[in-house]
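A quick write-up on the structure given underneath.
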Amino acid sequence: MPERESAIITSGHRWMAGQESTDAYITKVLQLAATTPGQELFRWIRSRIALVLQAHHRGS
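Each number in our numbering corresponds to the 1-based position in the sequence shown with 1 added.
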């Protein structure tokens, strides 16, 4: 994930400097931000596990 965020930020810097067109910037951001349904499910499950572990840790 950090690689995608870094690529989006770098692309944004190029766009603000006038080195990249708005269309190219938006296309790149949309491509880099795209996730598959499986990734969304995994992210949701992982966040729920983290919540359970945090609640368990606080209760100990």
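Backbone N, C-alpha and C define an ideal beta-carbon position, used for all residues, glycine too.
Following the DSSP letters along the chain, one finds A8 inside the alpha helix (DSSP H) bounded by residues P3 to M17. Across the structure, S7 and A35 are spaced so that their CA atoms are roughly 15 Å apart. The Cβ-Cβ distance between I10 and V30 does not fall below 7 Å. Your pair E21 and S12 checks out as a contact, with CB atoms roughly 6 Å apart and the cut at 8 Å.
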